[in-house]
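J.: Right, I'll just put the structure down here and ask away after.
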Amino acid sequence: MVVVLQFAIGLVFGVGLVISGMSDPAKVLNFLDLAAIGAGAWDPSLAFVMAGAVAVTFVGFAVVLKRPRPLFAETFHLPTRRELDLRIVSGPVIFGVGWGLAGFCPGPAFTALGFGSGAAALFVAAMLAGMLLARWLANRPALSAIATPMDQFES
Amino acid sequence: MVNAATTFTPVASLAGGALIGAAAVMLMAVTGRVAGVSGIAMRLFPPYADRELAGRVVFVAGLVAAPAVVLVATGRLPALTIQGNPLILVVAGFLAGFGSVWGNGRTSGHGVCGLARLSLRSLVATVSFMAAAMATVFVARHLG
């Protein structure tokens with residue numbers, strides 16, 4: 023039952039990505055291209071995607087987290103990390119360069135796979151390799167001095 | 277590189293964003309977990325810290341199946357314009373994957389779930405990746 027629900031949730035997430043235009047890298051890049059504002063080619067749609075998603079999540083989380091526990095789990099797994107470290111800036115900056123190069127982030131890359139895009143398959147394969155390398159590196163004891171351990175519940 | 281023009285779609289984008297938010301809320305209600313696609317995708321691979329692999333597999337399968345559902349429901353698919361040669365796609369994918377895990381998530385984990393929880397960490401992360409992505413696009417499009 024819970025597996026059926028999780029498929030449905032992935033589907034809703036994906037349909038949201040497709041309808042919103044986030045699944046199209048050209049739209050993402052045209053949002054990120056602030057220099058296009060002057061040329062009239064800027065596409066602010068992505069800000070509306072973020073606004074819609076954050077607004078619904080803000081209200082929805084407030085309702086859901088009042089419940090004693092999730093429907094199919096013992097407890098809510100919420101990130102507990104509060105401190106700001108090097109990784110909370112360096113990770114997003116590295117990600118941002120990749121995002122800006124292709125216009126893909128992980129969710130839309132998966133929906134683009136569903137378009138039958140070979141370019142998306144290439145991107146996803148490289149993305150998974152990058153993720154696994156980052157996880158391996160983050161768990162090296164030698165790096166613990168400069169990087170905090172991964173947060174199980176974040177991301 | 278010729279940049280594909282796109283149309284400003286405030287209504288569709290707001291509605292699609294609301295669906296993304298609804299999915300994040302439902303995932304929290306059902307599994308008690310934050311809907312970060314990068315974390316879910318990374319945990320498709322061993323070592324497994326819990327027994328929720330099947331749920332992650334079907335969540336990603338739902339993402340992949342979504343365009344087909346949109347096609348069946350509306351009779352058409354929106355544009356998908358991928359620019360850049362294979363080498364750029366591989367480099368971009370690697371950096372996006374590495375950075376998302378190295379920073380404990382990003383667009384959906386921090387940008388949506390984190391901001392909705394008013395997390396300072398998530399705000400710092402979101403501002404960082406937005407700034408880096410905008411700088412990258414500027415260099416690639418206007419200085420290249």
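Chains A and B, in that order, are what the protein sequence lines are.
Each residue of the first sequence is one higher than the one before, counting from 23 in our numbering.
Each residue of the second sequence is one higher than the one before, counting from 277 in our numbering.
All C-beta atoms, glycine included, are put in the ideal place defined by N, C-alpha and C.
Here the structure is a predicted model, which means the values were calculated and not measured.
What span of residues does the alpha helix (DSSP H) with A:Q28 cover, start to end?
T.: One-based indexing of the first sequence puts residue 28 of chain A at position 6. First-last of the alpha helix (DSSP H) with A:Q28: V24 to S42.
J.: Measuring only the C-alpha atoms, how far is A:M72 from B:E328?
T.: Along the first sequence, read from residue 1 onward, the residue named residue 72 of chain A stands at position 50. Along the second sequence, read from residue 1 onward, the residue named residue 328 of chain B stands at position 52. Whole-angstrom Cα-Cα distance: 28 angstroms.
J.: I'd like to know whether the C-beta of B:L399 is nearer than 8 angstroms to at least one C-beta of chain A.
T.: Against the second sequence, residue 399 of chain B aligns to sequence position 123. Closer than 8 angstroms: no.
J.: Report the neighbours of B:L329 on chain A: residues whose CB is nearer than 8 angstroms to its CB, in chain order.
T.: Taking the first residue of the second sequence as 1, we reach residue 329 of chain B at position 53. Correct list: empty, because the minimum Cβ distance to chain A is about 10 angstroms.
J.: Tell me the rounded alpha-carbon separation between B:A342 and A:A58.
T.: Counting from one through the second sequence, the residue named residue 342 of chain B turns up at place 66. Counting from one through the first sequence, the residue named residue 58 of chain A turns up at place 36. Their Cα atoms are separated by approximately 31 angstroms.
J.: Relative to the alpha-carbon of B:G360, which residue among A:A151, A:L123 and A:V111 has its alpha-carbon at the smallest distance?
T.: Along the second sequence, read from residue 1 onward, the residue named residue 360 of chain B stands at position 84. When each option's Cα is compared against that of B:G360, the closest is A:L123.
J.: Which residues in chain A sit within 9 angstroms of B:G360, going by Cβ to Cβ distance?
T.: Within the second sequence, residue 360 of chain B is the residue found at index 84, counting from 1. Here the neighbours are P47, L123, A124, G125 and A141.
J.: Mind listing the chain B neighbours of A:I3? Cutoff is C-beta to C-beta under 7 angstroms, in chain order.
T.: In this structure chain A extends from 23 to 177, so residue 3 of chain A is not present and cannot be described.
J.: Do you know how far the Cα of B:F284 is from the Cα of A:N52?
T.: Your numbering for residue 52 of chain A matches position 30 in the first sequence. Your numbering for residue 284 of chain B matches position 8 in the second sequence. Using only the alpha carbons, I get a separation of about 10 angstroms.
J.: Taking C-beta pairs closer than 7 angstroms, name the residues in chain A that B:V366 reaches, listed in chain order.
T.: As a position in the second sequence, residue 366 of chain B is number 90, starting the count at 1. In chain order: L144 and A148.
J.: Does chain A have any CB closer than 8 angstroms to the CB of B:L419?
T.: Translated into the one-based positions of the second sequence, residue 419 of chain B becomes position 143. Answer no: the Cβ-Cβ gap between B:L419 and chain A never drops below 8 angstroms.
J.: With 8 angstroms set as the bound, which would you pick, yes or no: does the beta-carbon of A:P66 sit closer than that to a beta-carbon of chain B?
T.: Taking the first sequence and counting its residues from 1, one reaches residue 66 of chain A at position 44. The C-beta of A:P66 comes closer than 8 angstroms to at least one C-beta of chain B.
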